[in-house]
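Step one of this worksheet: look at the structure below.
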Amino acid sequence: MSARGKARRRALDILFESELRSEDPLRILAERVERQDPPVNEYTSTIVEGVARHQARIDELITTYSEGWTLDRMPAVDRNLLRGGTYELLWMPGVPEGVVISEWVHLAGELSTDESPQFVNGLLARFKQLKPSITL
């Protein structure tokens, strides 16, 4: 797994944990940075901070474009995969879109349900297609 792939997985871990603990993801991130076990990659911090900063808009986009699924009905892992992937895809223009989608779909395949990779791929691909018209 690439360094950014590991950073994405670590970001997902932090986002997922913050939701399970009902805590601010920035607080969980700060705990991990302070503990440094394992060290927190700068790219992990960028994703977590970005999701935290834009979560309301990210959740609105996911809710609007996920056909047949409300945010609450999605598995928590999928919700956080989509949050990280949506942030990276829409707010980090220097990262190749295909890589972003592929990496988050790969994580879905490793960590979630059998249907999750297709769901995550479909929604992130839709965001890629709509990117020029999406108001951030």
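Oh and the sequence shown: position 103 is 102 in numbering that gives the first Met the number 0, straight run, nothing missing.
C-beta atoms are modelled at their ideal positions from N, C-alpha and C, and glycine is treated no differently.
In this model, residue 58 and residue 36 are separated by some 30 Å (Cα to Cα).
Annotated three-state conformation of residue 39 is coil, per DSSP.
Residue 49 places its beta carbon less than 9 Å from that of residue 91. When C-beta atoms of the region 5-22 are compared with those of the region 72-81, three or more pairs fall below 8 Å, so the two segments count as touching. For the 9 Å CB-CB criterion, residue 9 and residue 31 form a contact.
Taking the C-beta atoms as reference points, residue 123 is found no nearer than 9 Å to residue 93. In this structure, DSSP gives residue 14 a helical state, which the three-state scheme calls helix.
In the three-state reduction of the DSSP assignment, residue 84 falls in the helix class, which pools H, G and I. Where residue 110 is concerned, the enclosing alpha helix (DSSP H) starts and stops at 96-110. Under the 10 Å beta carbon count, residue 62 is surrounded by fewer than 16 other beta carbons and is classified as exposed. Around residue 96, the same chain offers 88, 127 as residues with beta carbons nearer than 7 Å, after the five sequence neighbours per side are excluded. Per the coordinates, the alpha-carbon of residue 22 lies some 33 Å from the alpha-carbon of residue 131.
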